[in-house]
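In what follows, a single structure is set out as structure tokens and then discussed.
Residue numbers (my numbering): 3 to 413.
Written out as structure tokens, the structure is:
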């Protein structure tokens, strides 16, 4: 009986222990990756700032105001709004704000991936003046130094860049605040850790930059629900790495209403699985063939479950093991300490990561809502198991922006 307990416990420890150790290691590395870059560059490049927008009349004006406030020569960037299958006033509002507007009407090919490919084909036609293309979401606020930082990274040799894609503080709203912490760790701390060991940052969809020559050689060909993740993996497999630029920041606003947050999370969860199936094997084969940590790390990042899921499972197994030991099951007591170590690595990942990001103290309050968030995700998974995961893109319902947003900058 004791042998069976040992085999079972060790088997259960392996994956949660590995994933949480990996996350904790990235947080530790991030502590050493926060040195600021001098953003002075010898040459100022010309940018197209593309804003894909589908029925974004509630938020587009605010995003365009934020873009116009960037500290970069206004003659050296154009804001291009792609009004994609819009049935509202998005296009008119964008024009009145001074943006160039491209209107696309193709209901048979819906989604951000199709809109980006259509736009890139037009703005990068022969004779285009753009050195690089930036993509930001329509519900985004941008740091004033954004293009200045991106320009410097391009000068240093980067070909594809991912900015820090974080969430605006929304005090008093538990779901957006927990999501803010989760995405800060996922979109800021982990890429910062990867940068220290020379791994690719991956693409997050918002705050991406591509050299024009990269898009010409590798036309956008990702149309899944998580098109950014997919295209980033395609580029990596073609030998193009994504550089993380923590000095450039984009700030999104998360939905506060449960039904809106649920639809967004369902799209993220549902879209990732087909990408895992399509690219995990390719990454593994490439890692073995090239003997490269870069591809192996990308594989681990791709297949790893969400942090909250791993932590909750680990806590559950800790309680089960403790209960079995209390009931007198022979050998169970020897695994209480290993499970405590696994859970402690999860806690360390969060606390070290928040330290690396230098967040304000108020951000830590969101951690008290983690049990509520975990329960909410559990209910969501139950719903998805009954009705199935989404297989078509549906825009998250926008909520009217509140006045006086606080960017709450990290680092």
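Each residue gets a CB set at the ideal place from its N, CA and C atoms; glycine is no exception.
In this text the structure is predicted, and so the values were computed from the model without any measurement.
If you ignore the 5 residues before and after residue 195, its C-beta comes within less than 6 Å of the C-beta of 28, 31, 32, all in its own chain and listed in chain order. In the DSSP annotation of this structure, the continuous segment of the alpha helix (DSSP H) that includes residue 64 starts and ends at 62-70. Check the Cα spacing between residue 285 and each of 372, 298, 351: the tightest is with 298. Exclusion of the five residues before and after residue 288 leaves 239, 294, 297 as the residues of its chain whose Cβ lies within less than 8 Å of its Cβ. Listed in chain order, the non-local C-beta contacts of residue 278 below 7 Å within the same chain comprise 304, 305, local neighbours out to five positions each way being set aside. Among the bridge pairs identified by DSSP, residue 164 is matched with 210, 246. Residue burial is scored here from C-beta neighbours: residue 75 has fewer than 16 other C-beta atoms within 10 angstroms and is therefore classed as exposed. Following the DSSP letters along the chain, one finds residue 34 in no alpha helix (DSSP H), marked with neither H nor E. Comparing C-alpha distances from residue 348 to each of 24, 16, 10 shows the shortest one belongs to 24.
The alpha-carbon of residue 16 is positioned some 16 Å away from that of residue 322. The stretch 84-94 makes no contact with the stretch 150-164, as fewer than three CB pairs between them are under 8 Å. Put simply, the stretch 183-192 does not touch the stretch 118-137. Fewer than three CB pairs are less than 8 Å apart. Take residue 56, set aside five residues on each side of it, and the residues of its chain with a beta-carbon closer than 7 Å to its own are 86, 87, 88, 397, in chain order. In this structure residue 351 is in contact with residue 26, their Cβ atoms being roughly 4 Å apart against a cut-off of 8 Å.
Here residue 132 carries a coil assignment [DSSP, helix/strand/coil]. For residue 319, the enclosing alpha helix (DSSP H) starts and ends at 309-328. Nearest to residue 203 by C-alpha distance, out of 223, 221, 233, is 233.
Counting other Cβ atoms within 10 Å of its Cβ, residue 5 stays below 16 and is therefore classed as exposed. Rounded to the nearest whole angstrom, the CA to CA distance from residue 59 to residue 170 is 19 Å. Nearest Cα to residue 151 within the set 250, 345, 38: 250. CA-CA distance, residue 224 to residue 364, rounds to 38 Å. Residue burial is scored here from C-beta neighbours: residue 207 has at least 16 other C-beta atoms within 10 angstroms and is therefore classed as buried. In the DSSP assignment, residue 251 forms a beta bridge with 166. Residue environment: residue 125 is assigned as buried (16 or more neighbouring CB atoms within 10 Å of its CB, all protein chains considered).
With at least 16 other beta carbons inside 10 angstroms of its own, residue 114 counts as buried. For secondary structure counted as the alpha helix (DSSP H) over 4 or more consecutive residues, the stretch 330-369 holds these complete runs in sequence order: 338-359.
Nearest to residue 46 by alpha-carbon distance, out of 154, 111, 99, 96, is 154. For residue 104, no alpha helix (DSSP H) encloses it; the enclosing beta strand (DSSP E) starts and ends at 102-106.
247 is the residue among 292, 247, 176, 369 whose C-alpha sits nearest the C-alpha of residue 41. In the DSSP assignment, residue 55 is bridged to 85. When the five nearest sequence neighbours on each side are left out, the beta carbons in the same chain lying within less than 6 Å of the beta carbon of residue 120 are those of 106, in order along the chain. Exclusion of the five residues before and after residue 220 leaves 236, 237, 240, 242 as the residues of its chain whose Cβ lies within less than 8 Å of its Cβ. In this structure, DSSP gives residue 199 a state outside helix and strand, which the three-state scheme calls coil. Going by beta carbons, residue 102 and residue 80 fall inside the 9 Å limit. Nearest in C-alpha terms to residue 358, of all of 22, 222, 19, 36, is 36.
By the CB criterion at 9 Å, residue 99 and residue 77 fall outside the cutoff.
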